[in-house]
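Since the structure comes first, as structure tokens, the remarks are kept for the end.
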Amino acid sequence: MAFLAPALLAGLVALAVPIYLHLVQREKKIVVEFPSLMFLRKIPYKSVRRRKVRNLLLLLLRCAAVALVVLAFARPFFGGGALAAVAGGGARDVVILLDRSYSMGYGDHWTRARAAAREAIGRLAPDDRATVVLFDTRAEIGPRTTLDRAALLAYVDQAAVGPAATRYGVALKAAASLIEASDRPRHQVVLISDFQKQGWDRARPIGLPPGTALTPVSVADPKASDAGVAGLGFDRERAGGRERLTVTARLTNRGAAPVTDREVTLEVDGRVLETKKVSLAANGSAAVAFQPFAVPATSVRGVVRLAPGALPADDTFTFLASPGATVAVLVVDGSNPAPDASLYLTRALAVGHDPSFDVRGARADTVTAAGIDRSAVVVLNDTAPPAGAAGRALARFVEGGGGLLVALGERSRWPQGSPDLLPGTFEAPVDRVGGRGGSLGFVEYSHPVFELFRAPQSGDLTAVRFYRYRPLAGASRVLARFDDGTVALAERRVGDGRVLVWTSTLDTFWNDLALKPVYVPFVHQTVKYLASYVPPVPSYAVGAVVDAAAIERARRTSGLGAEQGLTLVTPSGRRLPLDGDGSGAPVTLDEAGLDELRGRDG
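Residue numbers for the sequence shown follow my numbering, beginning at 247 and rising by one.
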């Protein structure tokens, strides 16, 4: 028998407590009333201790209760041999789980792991069946429940370390399914790994069938030390009309010894742009920012390399640098707007990056259908919608997937015959000038517009004061309300597009929102949501699944026609045909490096 938490066995010292209590006898005091104590001799009270153990059975029960509690916290389990003895005789089904995640490439971990697997196969009895399962983020089942030792050994010999991370849940699920299908009386699971902590998902525990013996075999090195590239950060800025990208590498040292003067290099399209030296404290981390470089009009391949260490797999980090996305925004004012009606809105969008916003202005009576079609988001800022061809273009724009933001103010109108786009009917303004004005009483923080403000100290929307707003009746999807229950922000889906109605202004005329720190992130989140903006992914982890929507976005970005078939070319050169435009099954990225999406014509 072994223990998962043997350190807790130190609690057995608590056995001294019942023994002490058992041996100490307290004398009972009997109060006797006596008229005078002046002629009595004073005798000091002494506690009496038992020299002889009485009620031995009671003492043993007390000690056993304490010992059982301590043993329960230490979590005992039986190894293969002990459990086999309890289970009795009979042939076994043995499942050998062999960890092939990238951390097993450290030092001689993989050599020792395969040796342990061969040893487990060599210990099988003549009538024992066995299965070898290789696992990382996925489980690969080899020869299934076989007596053929040669096939099992050959499968272990041809196995290799992969680039994916460790996930014990998938391995134990595979073992449980094999054992549940077994007709043998005895079962054993041999888990061979370096037991990386991040491989366990405590929120989703996995159990083996009752009576299964679990034998862990660790090949970890207690003094292992490794530094690697844990992740990359990207910061974009525009200078002189060109976009520049700053790459920041996050390096970690997972060892007890410091790392000094280790070289880290940034390469872009095969050229070394910069090399720096970094020192890392024991179990520490550091961020290394490289000099910014200009991003061309097409995507460029990049890699950050750390000088080779004991684990080469985490010494490189591959990424793809693409031109930053730009969201075209058309701000439509009334025919006679206030001087600063759109000043705060355009200034807030001007400081946007990742994505950046291309803001254009127009009047409701001069806006054109072409101007609407060139936009991703249209803002009707305190004005009536355009009429005629522009109005019909606005309706088509929204139905086709465009975004519309309507800010209701003093000059807002929605005449008869205007497109049916609003989530409700707005009414005459309500004044809240008395006292400190109104405030937001309800906000749906789970919505993409407001989720940025969900975390503590991320901005207080309730601090904004509203002195005037227009009630909106009939809205079925309300995202925010004022403290009197009136709708503040409502949404409606029209075709493939989205419409948001803000029942106050976006300047300082009816509220002080534009003067608060939350104004800029609120405007950015609103416009990004209306534009259905999805930030580009510079890199995926090995084992990630790319869905059809991401493939379709990549196809459109690359300019591949919808009629083109697609092929995914992996870093090793494998070609994976995708169904039509990529709308078939999701694709799993199971190799480290750069995957390419190509048209079938090359």
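Cβ coordinates follow ideal geometry from the N, Cα and C atoms, glycine included.
Determine the DSSP secondary structure at residue i, reduced to helix, strand or coil.
i    : result
H693 : coil
D403 : helix
W756 : coil
L434 : Note that residue 434 corresponds to Gln in the displayed sequence, not to Leu. Q434 falls in the strand class under three-state DSSP.
F643 : helix
T544 : coil
F536 : coil
W356 : helix
F768 : helix
R844 : strand
A485 : strand
P504 : coil
P462 : strand
V263 : helix
I387 : strand
R744 : strand
L306 : helix
D339 : strand
E737 : strand
G684 : strand
D579 : strand
G789 : coil
G649 : strand
Y715 : strand
T749 : coil
L380 : strand
A410 : coil
D666 : coil
L329 : Residue confidence is low: L329 scores 42 on pLDDT, short of 50, so the model does not pin down where it sits. Its coordinate-derived value is still stated next. Reduced to three states, the DSSP call for L329 is helix.
T592 : helix
L370 : coil
A256 : helix
D515 : coil
D560 : helix
V773 : helix
R490 : strand
L314 : helix
G334 : Because the pLDDT at G334 is just 49, under 50, the model does not fix this residue reliably, and the value given afterwards should be weighed accordingly. Looking at G334 - three-state DSSP - the assignment turns out to be coil, as it is neither helix nor strand.
L424 : helix
Quickly, what does DSSP pair residue i with across the bridge? List them, please.
i    : result
P702 : Beta-bridge pairing links P702 to no other residue.
K523 : E509
L822 : L814
F319 : BP columns for F319 are empty, so no partner.
V416 : In DSSP, V416 forms no bridge with anything.
R375 : D339
A495 : L478 and V534
F441 : Note: F441 sits in no beta bridge, so no partner.
F726 : In the sequence on display, residue 726 carries Ala and not Phe. The partner list for A726 (beta bridge, DSSP) reads V689 and L735.
T708 : Beta-bridge pairing links T708 to no other residue.
L344 : L380 and I438
A397 : Paired residue(s): none; A397 is not in a bridge.
V550 : L512 and F563
A473 : N499
A574 : D604
N301 : For N301, which the question treats as bridged, DSSP gives no partner whatsoever.
D677 : R714
Can you give the beta carbon distance from residue i to residue j, rounded, assuming they're within the 8 Å contact cut?
i    : j    : result
V208 : L591 : Given a span of 247 to 848 for the chain in the structure shown, any question on residue 208 remains unanswerable.
D440 : H355 : 5 Å
P538 : L491 : 6 Å
F699 : N757 : Contact doesn't hold; Cβ gap of about 17 Å is too wide.
D836 : G789 : 6 Å
A337 : R450 : About 32 Å; that fails the 8 Å criterion.
D507 : S531 : Not quite, the Cβ-Cβ distance comes to about 17 Å (not below 8 Å), so this is no contact.
L686 : L718 : The pair is not a contact, with the Cβ atoms about 15 Å apart (cut-off 8 Å).
F643 : V613 : The pair is not a contact, with the Cβ atoms about 11 Å apart (cut-off 8 Å).
E673 : L725 : With 8 Å as the limit, E673 and L725 do not qualify as a contact, their Cβ atoms being about 19 Å apart.
Within 9 Å of any Cβ in chain D, is that where the Cβ of residue i sits?
i    : result
G453 : Here there is only one protein chain, and chain D is not present.
Worksheet item: Just checking, does the stretch 557–571 make contact with the stretch 605–615 on the three C-beta pairs under 8 Å criterion?
Response: Verdict: no, contact absent.
Practice prompt. Could you pull out every unbroken alpha helix (DSSP H) segment of at least 4 residues lying fully inside the stretch 595–623, listed in chain order?
Written response: DSSP runs (the alpha helix (DSSP H)) wholly in the stretch 595–623: 615–619.
Item to complete: Answer yes if the stretch 730–745 comes into contact with the stretch 654–662, meaning at least three C-beta pairs across the two stretches below 8 Å, and no otherwise.
Response: No: the two stretches stay apart, fewer than three of their Cβ pairs being nearer than 8 Å.
Practice prompt. Say whether the stretch 385–399 touches the stretch 303–313, bearing in mind that this needs 3 or more beta-carbon pairs closer than 8 Å, one atom from each stretch.
Written response: No, the stretch 385–399 is not in contact with the stretch 303–313.
Worksheet item: Do three or more CB pairs link the stretch 787–804 to the stretch 391–402 at distances below 8 Å?
Response: Because the criterion of three Cβ pairs below 8 Å is not met, the stretch 787–804 and the stretch 391–402 do not touch.
Worksheet item: With a cut-off of 8 Å, do at least 3 Cβ pairs link the stretch 314–322 to the stretch 398–412?
Response: The stretch 314–322 vs the stretch 398–412: no contact.
Worksheet entry | At least three beta-carbon pairs within less than 8 Å, the stretch 743–754 to the stretch 772–782 | With three or more CB-CB distances shorter than 8 Å, the stretch 743–754 counts as touching the stretch 772–782.
Discussion item. Does the stretch 504–522 come into contact with the stretch 547–554, if we say contact requires no fewer than three beta-carbon pairs (one atom in each stretch) closer than 8 Å?
Written reply: The answer is yes - the stretch 547–554 touches the stretch 504–522, with three or more Cβ pairs under 8 Å.
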